[in-house]
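Numbering (my numbering), first residue to last: 39 to 148.
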């Protein structure tokens, strides 16, 4: 799924940095500037909520839009994502058109 999402975002003419783990994402933070973070909820080492919360602790990322994608559609997961600092939340399955639309909205700041 990560490869497909990466491809779709690249075809939308976005620069994409994709990593295989939350720890790899955290390693990028000191040296990389981001306009948007797209996180999966289910990841090794920590879930998307924990990664989101850790990103929110970095002052330079305070206003960073964070989109969490998940196979879980329950309200508890959704509430946890927003409590961790997510800007938006999408439950799988979703269409790639919907993903592009949410990403465009988050990048536009509206």
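Note that beta-carbon positions come from the ideal geometry of N, C-alpha and C, so glycine has one too.
Does the ligand FMN have a heavy atom nearer than 7 Å to the CB of residue i?
i: residue 120; result: Of the ligands one can find in the structure shown there are none, so the ligand FMN has no counterpart to examine.
Indicate the three-state DSSP secondary structure (helix, strand or coil) for residue i in the structure shown.
i: residue 140; result: helix
i: residue 102; result: coil
i: residue 115; result: helix
i: residue 66; result: helix
i: residue 96; result: coil
Which residue from the options puts its Cα closest to that of residue i?
i: residue 86; options: 128, 143 and 50; result: 128
i: residue 52; options: 136, 39, 90 and 72; result: 72
i: residue 94; options: 82, 113 and 123; result: 123
Here's the rule: buried if 16 or more other CB atoms are within 10 angstroms of the residue's CB, otherwise exposed. What is residue i?
i: residue 131; result: exposed
i: residue 61; result: exposed
i: residue 118; result: buried
i: residue 109; result: exposed
i: residue 111; result: exposed
My guess is that residue i and residue j are in contact by the Cβ rule of under 8 Å, so how many angstroms apart are they, rounded?
i: residue 144; j: residue 74; result: 6 Å
i: residue 97; j: residue 125; result: With 8 Å as the limit, residue 97 and residue 125 do not qualify as a contact, their Cβ atoms being about 17 Å apart.
Hey, residue i and residue j: beta-carbon distance below 8 Å or not?
i: residue 105; j: residue 46; result: no
i: residue 67; j: residue 107; result: no
i: residue 133; j: residue 79; result: no
i: residue 54; j: residue 44; result: yes
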